[in-house]
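Student: One structure, pasted below without further comment.
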Amino acid sequence: MTTVLSIEHLSTHFSTEEGTVKAVDDISFQVRRGETVCIVGESGCGKSITAMSIMGLIEGPSGRIIEGIIDFDERDLLKLSKHEIRNLRGNDMAMIFQEPMSSLNPVLTIGEQIVEPLIIHQKLSKKVAHQRAIELITEVGIARAEHIVKSYPHELSGGMLQRIMIAIAISCQPKLLIADEPTTALDVTIQAQILDLLRKFKDESGMSILLITHDLGVVAEMADYVIVMYSGKVVEEGEVEALFNHPKHPYTQGLLKSKPVIHERQDELYSIPGQVPSPLELTPSCYFHDRCEHCMSICKAEEPALKDIVPQQKVACWLYEEAVVHV
Ligand code: SF4
Ligand code: MG
């Protein structure tokens with residue numbers, strides 16, 4: 001399968017008055033064509049910063065991509081100009097967020113906001129773009145599209161606005177859709193509909209999805225491949241079946257304690273005792289050691305590297321180090 005997005009050794013740091021926060025710290029992963037990759041982890045683990053780094057949305061003065069390669073469709077995004085990145089966004093690569101309201105302009109109609117990227121990126125005439133906007137609204141499952149184009153964002157519900165965001169995102173047939181908690185603000189029934197819609201477009205168009213979520217139910221339902229992040233690091237990754245059936249990292253095992261079933265939704269999840277360490281107090285170690293019931297002395301002194309444990313599954317944990325040495 002062709003690789004659409006390849007992230008290598010990406011580090012995004014923020015300088016604060018108290019010191020440097022390594023929000024994303026040397027992570028690598030790939031997204032292949034037609035695949036849905038989910039990045040999962042608790043709030044503050046670096047998953048949104050990863051998405052923003054890819055989209056070129058880390059803007060100074062405090063935030064900076066320190067190093068790494070973001071290779072999208074055979075272009076290193078970190079070497080592109082601001083203008084080239086802007087061209088890419090909303091064209092080959094689109095993004096939807098948790099709060100659609102924050103991405104829509106309150107003083108423009110829904111129609112104007114769908115039409116704009118069609119005119120800019122797809123070079124459609126105003127008339128054709130308007131027609132396409134009506135089709136797109138219908139495609140995302142909203143009735144009376146002719147009426148909706150004339151509405152303003154505040155006149156629509158959260159679920160409808162997220163559908164509009166999806167319409168805008170897919171309007172330019174992106175190769176990659178990045179969705180950051182796209183259903184978190186919605187009620188459960190609407191969540192399921194939005195996920196269905198994303199899956200439908202993915203299947204029809206062959207686009208890839210990078211889905212950021214803290215919700216393992218969403219992961220179970222959507223993911224082909226899963227990346228588990230903790231304190232800015234990837235601690236485990238693998239094919240969804242392998243990862244759900246045989247989680248290796250104690251953090252992943254904790255996340256999965258309530259056992260969401262693959263391809264089914266579930267709401268209440270077990271929460272792991274303890275807290276994520278302060279990003280300002282990290283020393284070389286496994287950052288999960290304070291919360292880990294298997295913690296050994298090496299865990300507090302050295303950082304475990306992310307390694308292949310079995311085919312299609314990598315883990316960063318000292319528990320598996322011996323096994324790695326002996327295979
Ligand atoms: Fe637990 Fe040690 Fe593995 Fe970290 S490296 S998850 S502390 S056993
Ligand atoms: Mg977030």
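Numbering (the UniProt record's numbering), first residue to last: 1 to 327.
All C-beta atoms in this analysis are idealised placements derived from N, C-alpha and C, irrespective of residue type, glycine included.
1) Look up Val-21 in the DSSP assignment and give the residues it is bridged to.
2) Could you check which residue in Pro-174, Ile-178, Ile-137 and Lys-175 has the C-alpha nearest to that of Leu-161?
3) Quick one: what does DSSP say Gly-68 is sitting in, helix, strand or coil?
4) Excluding sequence positions up to five away, which residues of its chain have a Cβ less than 6 Å from the Cβ of Glu-237?
5) Determine the extent of the beta strand (DSSP E) in which Glu-239 is found, giving its start and end residues.
6) Taking Ala-179 as the reference, give the member of Asp-187, Arg-163 and Ser-6 with the closest Cα.
7) Can you check which of these residues, His-121, Cys-286, Cys-172 and Glu-17, is closest to residue 329 by C-alpha distance?
8) Please confirm if Glu-204 has its CB atom under 9 Å from at least one CB of chain B.
9) Quick check on the DSSP output: what are the complete beta strand (DSSP E) runs of length 3 or more inside the region 32-113, in order along the chain?
10) Could you work out which residue in Trp-318, Leu-306, Val-310 and Val-276 is closest to Cys-295 when comparing CA atoms only?
11) For His-9, which of helix, strand or coil comes out of DSSP?
12) Below 8 Å, is the gap between the Cβ of His-294 and the nearest heavy atom of the ligand SF4?
13) Is any non-hydrogen atom of the ligand PLP found closer than 8 Å to the C-beta of Ile-110, if you look at the structure I gave you?
14) Is the Cβ-Cβ distance between Gln-98 and Pro-182 less than 9 Å?
15) Work out the CA separation of Thr-189 and Ala-145 for me, nearest whole Å.
16) Going by beta-carbon coordinates alone, are Ile-96 and Met-1 separated by less than 9 Å?
17) Is Val-149 closer than 9 Å to Ala-169 when the C-beta atoms are compared?
18) To which residues of the same chain is Ser-208 closer than 8 Å at the C-beta, ignoring the five residues directly before and after it?
19) Do Thr-16 and Ser-81 have their C-beta atoms within less than 9 Å of each other?
20) DSSP three-state call for Val-276: helix, strand or coil?
21) Span of the alpha helix (DSSP H) holding Thr-251?
22) Since Tyr-230 and Gly-41 should fall inside the 8 Å C-beta cutoff, what is the C-beta to C-beta distance between them, to a whole number of angstroms?
23) Give the range of the beta strand (DSSP E) segment to which Gln-313 is assigned.
24) On the CB-based measure, 16 or more other CB atoms within 10 Å of its CB, does Asp-25 come out buried or exposed?
25) Does the beta carbon of His-289 fall short of 8 Å from some heavy atom of the ligand SF4?
26) Using only the alpha-carbon positions, how far apart do Ala-185 and Ile-110 sit?
27) I believe Thr-12 touches Ile-49 by the beta-carbon criterion, under 8 Å. Please report the beta-carbon distance rounded to the nearest angstrom.
Tutor: Reading from the atomic positions:
1) Here residue 21 refers to the residue found at position 21 of the sequence shown. The partner list for Val-21 (beta bridge, DSSP) reads Phe-14.
2) To locate residue 161, count along the sequence shown from 1; it is residue 161. Per the Cα distances, Ile-137.
3) As a first step, residue 68 must be located in the sequence shown, where it is residue number 68. DSSP places Gly-68 in strand when its eight states are reduced to three.
4) Against the sequence shown, residue 237 aligns to sequence position 237. So the list reads Ile-227 and Lys-314, once near-sequence residues are dropped.
5) Against the sequence shown, residue 239 aligns to sequence position 239. Where Glu-239 is concerned, the enclosing beta strand (DSSP E) stretches over 233-239.
6) Taking the sequence shown and counting its residues from 1, one reaches residue 179 at position 179. Nearest C-alpha to Ala-179: Arg-163.
7) Lying before the first or after the last residue shown, residue 329 is absent from the chain, which here runs from 1 to 327.
8) As a matter of chain content, chain B is missing from the structure shown, which is built from one protein chain.
9) 36-40, 63-72 and 93-96
10) Translated into positions along the sequence shown, residue 295 becomes position 295. The option with the nearest alpha carbon to Cys-295 is Trp-318.
11) By one-based count along the sequence shown, residue 9 stands at place 9. Of the three classes helix, strand and coil, the one that applies to His-9 here is strand, per DSSP.
12) Numbered from its first residue, the sequence shown carries residue 294 at position 294. Yes, since a heavy atom of the ligand SF4 falls inside the 8 Å radius drawn around the Cβ of His-294.
13) The ligand PLP is not part of the structure shown, which contains the ligand SF4 and the ligand MG as its ligands.
14) To locate residue 98, count along the sequence shown from 1; it is residue 98. To locate residue 182, count along the sequence shown from 1; it is residue 182. Yes. Within cutoff.
15) For the purposes of this step, residue 145 is taken as residue 145 along the sequence shown, with counting starting at 1. For the purposes of this step, residue 189 is taken as residue 189 along the sequence shown, with counting starting at 1. Cα-Cα distance, rounded: 22 Å.
16) Working through the sequence shown from its first residue, we reach residue 96 at position 96. Working through the sequence shown from its first residue, we reach residue 1 at position 1. Against a cut-off of 9 Å, the Cβ pair of Met-1 and Ile-96 comes out as no contact.
17) Start at 1 with the first residue of the sequence shown, and residue 169 comes out as number 169. Start at 1 with the first residue of the sequence shown, and residue 149 comes out as number 149. It is not a contact, given that the beta carbons lie outside the stated cut-off.
18) Looking up residue 208 in the sequence shown gives position 208. For Ser-208, where only same-chain residues beyond five positions count, the Cβ hits under 8 Å are Val-4, Leu-5, Val-31, Arg-32, Arg-33, Gly-34, Glu-35, Thr-36, Val-37, Lys-175, Leu-176, Leu-177 and Lys-202.
19) Translated into positions along the sequence shown, residue 16 becomes position 16. Translated into positions along the sequence shown, residue 81 becomes position 81. Result no, Cβ atoms of Thr-16 and Ser-81 do not sit closer than 9 Å.
20) Counted from its first residue, the sequence shown places residue 276 at position 276. Looking at Val-276 - three-state DSSP - the assignment turns out to be coil, as it is neither helix nor strand.
21) Numbered from 1 along the sequence shown, position 251 holds the residue referred to as residue 251. At residue 251 the sequence reads Tyr, which differs from the Thr that was named. 250-255 is the extent of the alpha helix (DSSP H) around Tyr-251.
22) As a first step, residue 230 is located in the sequence shown; it is residue number 230 there, counting from the start. As a first step, residue 41 is located in the sequence shown; it is residue number 41 there, counting from the start. Correct: roughly 6 Å between the Cβ atoms.
23) On the sequence shown, position 313 is the one that residue 313 refers to. From DSSP, the beta strand (DSSP E) with Gln-313 extends over 313-315.
24) Here residue 25 corresponds to residue number 25 of the sequence shown, with the count starting at 1. Under this definition Asp-25 is a buried residue.
25) In the sequence shown, the residue the question calls residue 289 occupies position 289. Yes.
26) Mapped onto the sequence shown, residue 185 falls at position 185. Mapped onto the sequence shown, residue 110 falls at position 110. The alpha-carbon atoms of Ala-185 and Ile-110 are separated by roughly 20 Å.
27) Mapped onto the sequence shown, residue 12 falls at position 12. Mapped onto the sequence shown, residue 49 falls at position 49. Going by Cβ atoms, the distance from Thr-12 to Ile-49 rounds to 5 Å, so yes, they are a contact pair.
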